[in-house]
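In what follows, a single structure is set out as structure tokens and then discussed.
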């Protein structure tokens with residue numbers, strides 16, 4: 237989009253021409269000549285001002301942790317031999333990203349600079365940015381304004397190229413040190429797992445001293461001529477599935493508690509990092525909505541840097557509004573949950589309905605751990621404990637740690 241403003245005072249030239257004809261004064265003719273030349277120069281340089289003018293934006297990092305700083309380079313190139321006596325560049329910053337070194341009286345929500353350019357010259361402007369909050373941000377769509385050499389005309393156009401910056405949630409460990417909720421929760425939940433499930437036959441192997449007689453596979457023994465023992469899959473694996481609930485209000489589609497949502501997103505990112513550090517495979521499901529695509533994202537079971545990056549990026553891009561109730565969506569995903577995996581549900585609060593859904597998942601041979609921002613009602617806590625659902629409240633734990 238282009239916006240043009242300004243005009244040359246040609247009526248003054250006509251007035252001077254009339255006076256020159258009437259008075260025959262050489263001085264007026266000289267002034268008239270200067271005005272006409274100035275007007276022609278202004279018109280000509282205004283028309284080519286934006287020709288060959290390019291603006292590019294580059295970021296020193298595409299992924300940072302909320303609270304970290306990065307460099308943003310705005311490159312302005314005049315690709316024609318005609319110089320520009322003035323040029324204004326303005327790149328707005330999305331909410332959540334700001335200038336890190338903005339002094340008093342300087343706007344923090346935009347990158348702005350004014351300068352002149354020689355012919356075929358390139359200028360690089362370096363700015364220090366602060367990713368103040370988690371999220372996914374598009375940076376680089378700006379406006380450039382320039383005009384004729386004498387300043388009578390100005391034209392403003394869209395410029396720049398979009399760069400996406402993803403700010404991962406800040407680890408909760410950095411905010412709440414020595415809080416019991418930050419112990420390796422999944423390790424605690426699966427410490428006594430890995431027990432064979434006699435209903436899940438996996439194959440046979442040679443019989444070893446100490447193997448139970450009831451596990452001998454007699455048909456395979458007769459076929460191979462040596463004792464064979466049946467092997468079963470474990471009832472609980474070391475895999476972890478994170479269930480992240482962002483519904484922080486009964487009217488979750490129009491209302492939200494931003495503080496609770498940020499707490500559970502930070503807690504989930506901390507647990508994802510812990511799972512990665514322990515070399516575990518993990519998956520992530522959520523009822524949250526991607527703030528940019530408006531879709532409900534998920535990460536399939538896997539391990540490695542790419543899987544960690546995918547999980548953290550999902551958490552970074554979550555909006556505070558949910559796509560549906562957690563109990564409905566999590567139960568709908570039960571066919572995609574890894575068999576025997578530990579389920580870690582991170583939620584602003586544990587409601588009766590969510591507790592009942594988690595109990596149903598527990599009955600499908602999953603260990604279930606709930607990490608909630610707020611402590612649940614006593615009846616809900618008793619119900620969860622009666623059905624062997626482990627529960628940890630972050631705010632309650634923080635209060636004990638502070639005390």
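Numbering (my numbering), first residue to last: 237 to 639.
Every residue, glycine too, gets a C-beta built ideally from N, C-alpha and C.
Check: Distance between residue 599 and residue 451 (C-alpha atoms, nearest Å); Outcome: 25 Å
Check: Proximity below 8 Å, CB of residue 401 to CB of residue 367; Outcome: yes
Check: Outcome for residue 625 when other beta-carbon atoms lying within 10 angstroms are tallied against a minimum of 16; Outcome: buried
Check: Endpoints, the beta strand (DSSP E) within which residue 324 is located; Outcome: 320-328
Check: Residue 590 versus residue 360: straight-line alpha-carbon distance, rounded; Outcome: 54 Å
Check: Touch test, the stretch 518-534 against the stretch 552-567, Cβ-Cβ under 8 Å, three pairs minimum; Outcome: yes
Check: Spatial distance of residue 315 from residue 285 (CA atoms); Outcome: 11 Å
Check: Where residue 587 sits in the DSSP three-state scheme; Outcome: coil
Check: Among 327, 266, 287 and 317, nearest to residue 293 - alpha-carbon criterion; Outcome: 327
Check: Helix, strand or coil at residue 625 according to DSSP, with G and I counted as helix; Outcome: coil
Check: Beta strand (DSSP E) runs wholly inside the stretch 345-400, at least 3 long, in chain order; Outcome: 346-353, 358-367, 371-375, 378-383 and 390-395
Check: Inter-residue spacing [alpha-carbon to alpha-carbon] between residue 397 and residue 352; Outcome: 21 Å
Check: Length-filtered (3 minimum) beta strand (DSSP E) runs lying within the stretch 544-589; Outcome: 554-558 and 578-583
Check: Three-pair Cβ contact test at 8 Å for the stretch 611-623 versus the stretch 497-508; Outcome: no
Check: Entirely enclosed alpha helix (DSSP H) segments - the stretch 475-546, minimum 4 residues; Outcome: 494-513
Check: Candidates 297, 379 and 325: closest to residue 373 by CA position; Outcome: 297
Check: Presumed contact (8 Å Cβ cut-off) between residue 521 and residue 534, rounded CB distance; Outcome: 5 Å
Check: Counted within 10 angstroms of its Cβ, other Cβ atoms place residue 495 as buried (16 or more) or exposed; Outcome: exposed
Check: For residue 315, three-class secondary structure by DSSP; Outcome: coil
Check: Assigned secondary structure, residue 310 (DSSP; H/G/I helix, E/B strand, else coil); Outcome: strand
Check: Beta-carbon contacts of residue 480 that lie in its chain and below 6 Å, excluding the five residues immediately before and after; Outcome: 504, 522 and 582
Check: Residue environment, residue 412, which counts as buried when at least 16 other CB atoms sit within 10 Å; Outcome: Reliability of the predicted coordinates at residue 412 is poor, the pLDDT of 43 falling under 50, and the value obtained from them is presented with this limitation in mind. By the neighbour-count rule (16 or more Cβ atoms within 10 Å), residue 412 is buried.
Check: Nearest neighbour of residue 565, chosen from 378, 593 and 574 [CA to CA]; Outcome: 593
Check: Three-state secondary structure (DSSP) of residue 596; Outcome: helix
Check: Distance, residue 474 Cα to residue 575 Cα; Outcome: 10 Å
Check: Member of 596, 267, 239 and 260 whose CA lies at the smallest distance from the CA of residue 248; Outcome: 267
Check: Proximity of residue 406 and residue 484 at Cβ, strictly below 8 Å; Outcome: no
Check: Residue 294, enclosing beta strand (DSSP E) - first and last residue; Outcome: 289-295
Check: Inter-residue CB distance, residue 382 and residue 252 (contact presumed, cutoff 8 Å); Outcome: Contact doesn't hold; Cβ gap of about 29 Å is too wide.
Check: Opposing strand residues paired with residue 269 [DSSP bridges]; Outcome: The partner list for residue 269 (beta bridge, DSSP) is empty, contrary to what the question assumes.
Check: For residue 258, the first and last residue of its enclosing beta strand (DSSP E); Outcome: Careful: residue 258 lies outside any beta strand (DSSP E), inside the alpha helix (DSSP H) at 246-259.
Check: Residue 365 beta carbon less than 8 Å from that of residue 305; Outcome: yes
Check: For residue 333 and residue 318, the rounded distance between their alpha carbons; Outcome: 36 Å
Check: Residue 489 classed as buried or exposed, judged by whether at least 16 other C-beta atoms fall within 10 angstroms; Outcome: exposed
Check: Identity of the residues DSSP links to residue 466 by a beta bridge; Outcome: 440
Check: Among 511, 325, 448 and 356, nearest to residue 380 - alpha-carbon criterion; Outcome: 325
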